[in-house]
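Asker: So in numbering that gives the first Met the number 0, spot 120 of the sequence shown is number 119, and the numbers just go up one at a time. For each residue, glycine too, the CB sits at the ideal point set by N, CA and C.
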Amino acid sequence: MKTLSLKNPRTSVENPSTLGGRTMAIGTYGAYFALTVIYFWFGGMKFTHYEAVGLVPLVSNSPFLGWVYGIFSVDTFSSLLGVLEVSIGVLIAGRVLSPKLSLIGGALSAGLFFTTLSFMFSTPGVIEPSLGFPGISVAPGQFLLKDIGLLVASIFVAGHSLTELESR
């Protein structure tokens, strides 16, 4: 039985002379770029009242975060979340300087998407009862479901960065 090895020159990202290697490189660095853009855009939106109000049903029903509105106003919490998200975007983009930065960014990103996925279980309106199982609403259900892919991309970025650090 043949196992896949990243050191195998026919399958390695390190071998840009193959179509598979070039495709893997595009996908790898595309994941860094996509997460960076998402964090800058979503994080920037957190500084608007529109976005702050949109978070209320998700955050207020969360067993993990429901307490924050007892301490912060809706707009203040959203702005703090915006600072966190933009910072994560900067860390992930920091891969061009050091894999340590993107490792931290990927790990924080995974934690954030794990948290947002928990909203699927605590936010009213995720399940669309008229469709039967497994029907989910467009918002918030499908909006939150996409975070599975973003969680996996975050784990990939952290793992790719860690692998680079381990190979040094």
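Determine the DSSP secondary structure at residue 147, reduced to helix, strand or coil.
Answerer: helix
Asker: Who does residue 135 pair with in a DSSP beta bridge?
Answerer: Beta bridge pairing from DSSP links residue 135 with 126.
Asker: Residues in its own chain within less than 6 Å of residue 28 by CB, not counting five upstream and five downstream?
Answerer: None.
Asker: Which of the three DSSP states, helix, strand or coil, is assigned to residue 76?
Answerer: In the structure shown, residue 76 sits in a helix (DSSP, three-state: H, G or I).
Asker: Per DSSP, what kind of secondary structure is residue 41 in: helix, strand or coil?
Answerer: Residue state, collapsed to three classes: helix.
Asker: Would you report the Cα separation of residue 155 and residue 132, rounded to the nearest angstrom?
Answerer: 30 Å
Asker: Can you tell which of 14, 51 and 90 has the C-alpha that lies nearest to the C-alpha of residue 74?
Answerer: 51
Asker: Taking DSSP as the reference, what is the three-state secondary structure of residue 71?
Answerer: Reduced to three states, the DSSP call for residue 71 is coil.
Asker: Output needed for residue 42: all residues of its chain with C-beta closer than 7 Å, excluding positions within five of it in sequence on either side, in chain order.
Answerer: 81, 84, 85 and 88
Asker: Please tell me whether residue 77 and residue 108 are closer than 8 Å, where the distance is taken between their beta carbons.
Answerer: no
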